[in-house]
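In this note's numbering, the protein residues as written are 2 to 227. Here a beta-carbon is modelled for each residue, glycine too, at the ideal position from N, C-alpha and C.
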Ligand code: CA
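Below, the structure is given as structure tokens:
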């Protein structure tokens, strides 16, 4: 699981990272709202821990922008304020849960587990692009026209899920490497190419008109042949 922490208090952000790492989460930290939003929009996170009072852009705005862009990643908001108004505003903006500082580590972990579980239930569905469907429950692709389906390997699934969630946009090799191997990995980009190639073969096998097109020097984008 990958968690994004958007928090400008370095000591708190570091402490959270250590706690989450022990629980086997992969953690990225952003210390301002603008950068936090930029990272959240990649769609690679399983949850976002979002502070309200942030430089550049506050947590409510970050969240509103995320939801406006169709990013459904579960968000746990953190704030020093305990006012009811803040809580209501957070939930109105699309937060999944809310915690007031200071909080207990155990409670944070429990709430993170709860919101990521909820997400799993909601997202046990189908993502569509052109004549191709990705069933996120079964980890397989199928083609509506031919009726053929094919199981995907874990990395192929992660790759295609990333691309289908970012349809009509170029997905960079860096984004793919981050999603498949994590930020701190030293995987070569070549690995991404290998999985793109495997995935292309499977798409071809089911007879879909969708293809993963390479955009030279930039990355990949999904396309459907006419
Ligand atoms: Ca803050």
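With residue i and residue j assumed to form a contact (beta carbons below 8 angstroms), what rounded beta-carbon distance in angstroms separates them?
| i | j | result |
| --- | --- | --- |
| residue 52 | residue 7 | 6 angstroms |
| residue 50 | residue 4 | 6 angstroms |
| residue 70 | residue 33 | Contact doesn't hold; Cβ gap of about 18 angstroms is too wide. |
| residue 30 | residue 16 | The Cβ separation is near 11 angstroms, so there is no contact. |
| residue 196 | residue 157 | 6 angstroms |
| residue 173 | residue 113 | Not confirmed; about 28 angstroms, so no contact. |
| residue 161 | residue 177 | So it is not a contact: roughly 11 angstroms between Cβ atoms. |
With the cut-off set at 8 angstroms, would you say residue i and residue j are in Cβ contact?
| i | j | result |
| --- | --- | --- |
| residue 183 | residue 43 | no |
| residue 202 | residue 225 | no |
| residue 130 | residue 168 | yes |
| residue 128 | residue 165 | yes |
| residue 97 | residue 77 | yes |
| residue 152 | residue 134 | no |
| residue 163 | residue 45 | yes |
| residue 213 | residue 149 | no |
| residue 118 | residue 95 | no |
| residue 55 | residue 87 | no |
| residue 102 | residue 115 | no |
| residue 20 | residue 74 | no |
| residue 61 | residue 90 | yes |
| residue 59 | residue 38 | no |
Residues bridged to residue i by DSSP?
| i | result |
| --- | --- |
| residue 220 | 173, 216 |
| residue 94 | None, per the DSSP bridge assignment. |
| residue 152 | 141 |
| residue 136 | 127, 141 |
| residue 99 | 78 |
| residue 3 | 27 |
| residue 8 | In DSSP, residue 8 forms no bridge with anything. |
| residue 211 | 225 |
Could you check if residue i belongs to the surroundings of ligand 3, using beta carbon to heavy atom distance under 7 angstroms?
| i | result |
| --- | --- |
| residue 166 | Of the ligands one can find in the structure shown, namely ligand 1, none is ligand 3. |
Item checked: Heavy atoms of ligand 1 versus C-beta positions, residues under 6 angstroms -> Any residue whose Cβ sits closer than 6 angstroms to a heavy atom of ligand 1 makes the list: 9, 10, 52, 54, 55.
Notebook entry, point to check: Where are the beta strand (DSSP E) runs, 3 residues long or more, that stay fully inside the stretch 39-65, in chain order?
Noted result: The stretch 39-65 contains these whole beta strand (DSSP E) runs: 48-52.
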